[in-house]
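Worksheet: the structure to be examined is printed underneath.
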Amino acid sequence: MFDERVAKVLANMEEMGLEQMLISDPPSIFYLTGRWILPNERLLALYLNKNGNHKLFVNKLFTVDGDIGIEKVWFSDTDPGCRMISDCTDHTKPLGIDKKMAARFLLELMELGAGTGYKNASRCVDAARQVKDPDEQEKMIRASKLNDAAMAQFRGLIKEGVTESEVAAGMNRIYKELGTEGPSFGPLVSFGANAAIGHHKPDSTVLKEGDCVLFDVGCKKDNYCSDMTRTFFYKHASEKGREVYEIVKKANLAAQAAMKPGMQFCQVDRIARSIIEEAGYGPYFTHRLGHCIGIEVHDAGDVSAVNTDYIKEGMIFSCEPGIYLPGELGVRIEDLMLITPDGAVSLNQDSKELEIING
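With this note's numbering applied, the sequence shown covers 177 to 535.
Written out as structure tokens, the structure is:
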């Protein structure tokens, strides 16, 4: 499995005219080796070369058990790590670098002449990670099923007098009880006008009758993330709230129905956005339609008006149109979509019908 992933990265490197690359991003190293290493300020680098002379440069402080199919080169805090890397690179060829390499390491490698030139080659790994293999798809399906199960319980947290922070704490407890590895990001809970604030963090706001209740939540399972948003109303929904909700749901469903391999991401964004614009709420849809997801809740790649890349079978990304009316309310509906040969399948089965919670 990991050999296949390395091969995908090498193929992408070849398209960029690169024979060698250094990868320092921990999630990408996990993707290619199956080992999590969080180096903090220390040097960590996976060296890939088209000739197969791959090496993982890792500090002795960390543990990398078992055979990972790649030679491990160990060093201590007092060893010249960058020089050790430079001694292995081909100084007669350009060197690919990923976007996460710290400047202090890159500058030293440049001074050492580790390559004839240096290219941001992040896309070589990012493009490989965007298309999920069957094992990854199964893990993400499981994570989303757990998120659906959690959302079913989250409704019970909405009661008279509760605060956003109290609900968020209850969400974390539910994720733990369901056997997840915890949330994939801090749960976002927004009542009423707070839901119109982008990524509002839960605070001491108390729920009141007529509020919309926006939950943007996700969990991790087997190192893969889920992400979903649902918007409810407490006790009753205003006429404006109902109107906005149905427009957002229409945009969500229309975009999902159109998704298929070969479409551009910007085309999908346009489908959802045009529905909201035609309803007169265009200025209040203030973000892209979605983002790629996998090992990280925001993997590289998005569903936006400026992304002209083509959708491929095996990709997984969010579909999350929204309308945000400052001082009034916000509505967002989000699912994760798996691209199949024939279209797209939602990984989330939680209902999207307008729901009133009486608490």
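No residue lacks a Cβ here, since even glycine has one placed at the ideal position from N, Cα and C.
Exercise for the section: Please determine, among K248, L219, H230, the residue with the shortest C-alpha to C-alpha distance to T254. Expected result: L219
Handout entry: Inter-residue spacing [alpha-carbon to alpha-carbon] between V444 and A431
Key = 6 angstroms
Exercise for the section: Would you check if the stretch 468 to 476 and the stretch 516 to 534 touch, i.e. whether three or more CB-CB distances between them fall below 8 angstroms? Expected result: no
Exercise for the section: Taking only the alpha-carbon atoms, compute the straight-line gap between T516 and L354 and give it to the nearest angstrom. Expected result: 29 angstroms
Problem - For A221, the residue or residues it bridges with in DSSP - result: F233
Exercise for the section: Between the Cα of G458 and those of I499, R418, M347, spot the shortest distance and give me the residue it belongs to. Expected result: I499
Exercise for the section: Measure the Cβ-Cβ separation of C468 and Q313 and say whether it is below 8 angstroms. Expected result: no
Practice task
Compute the Euclidean distance between the alpha carbons of S380 and G374, then round it to the nearest angstrom.
Solution key: 17 angstroms
Exercise for the section: Could you tell me if I273 is buried or exposed, where buried requires 16 or more neighbouring beta carbons within 10 angstroms of its beta carbon? Expected result: buried
Problem - Simplified DSSP state of D311, which is helix, strand or coil - result: helix
Handout entry: Inter-residue Cα distance where the pair is L501 and Y421
Key = 12 angstroms
Handout entry: I199 and A183 closer than 8 angstroms at C-beta
Key = no
Handout entry: Cut-off 7 angstroms between Cβ atoms - residues of its own chain near G417, not counting five sequence neighbours on either side
Key = C388, F409, L505
Practice task
Take T339 and list the residues in its own chain whose beta-carbon comes closer than 7 angstroms to its own, dropping the five residues that flank it on each side.
Solution key: S380, T381, V382
Practice task
On a CA-only basis, which of I205, T209, K269, P203 is nearest K226? Give me that one, please.
Solution key: K269
Exercise for the section: May I ask which residues mark the beginning and end of the alpha helix (DSSP H) holding D445? Expected result: 441 to 454
Practice task
Sort out for me which residues DSSP pairs V389 with in a bridge.
Solution key: F367, F408
Problem - Residue from S298, K276, I261, A319 whose Cα sits closest to the Cα of G291 - result: I261
Handout entry: C-alpha distance - Y207 paired with F178, whole-angstrom precision
Key = 8 angstroms
Handout entry: Reference K411, options V240, I532, K315, L186, closest by Cα
Key = I532
Problem - G337 to K384 span [Cα, whole Å] - result: 7 angstroms
Exercise for the section: Pair every Cβ in the stretch 187 to 199 with every Cβ in the stretch 294 to 309, then say whether three or more of these pairs are closer than 8 angstroms. Expected result: yes
Handout entry: Beta-ladder partner(s) of H463, from DSSP
Key = H463 is not bridged to any residue.
Practice task
With DSSP collapsed to three states, give me the class of T339.
Solution key: strand
Exercise for the section: Quick one: grab the DSSP three-state call for V473. Expected result: coil
Problem - Rounded Cβ spacing between K425 and K528 (contact assumed at less than 8 angstroms) - result: 6 angstroms
Handout entry: Endpoints, alpha helix (DSSP H) assigned at D302
Key = 298 to 306
Exercise for the section: Tell me where the beta strand (DSSP E) around G374 begins and ends. Expected result: Where G374 is concerned, there is no enclosing beta strand (DSSP E), given that its DSSP letter is neither H nor E.
Handout entry: Best match in K236, Y460, R464, T407 for proximity to R446 [C-alpha to C-alpha]
Key = R464
Practice task
Pick out whichever of M513, H376, Y460, V234 has its Cα sitting closest to the Cα of D478.
Solution key: M513
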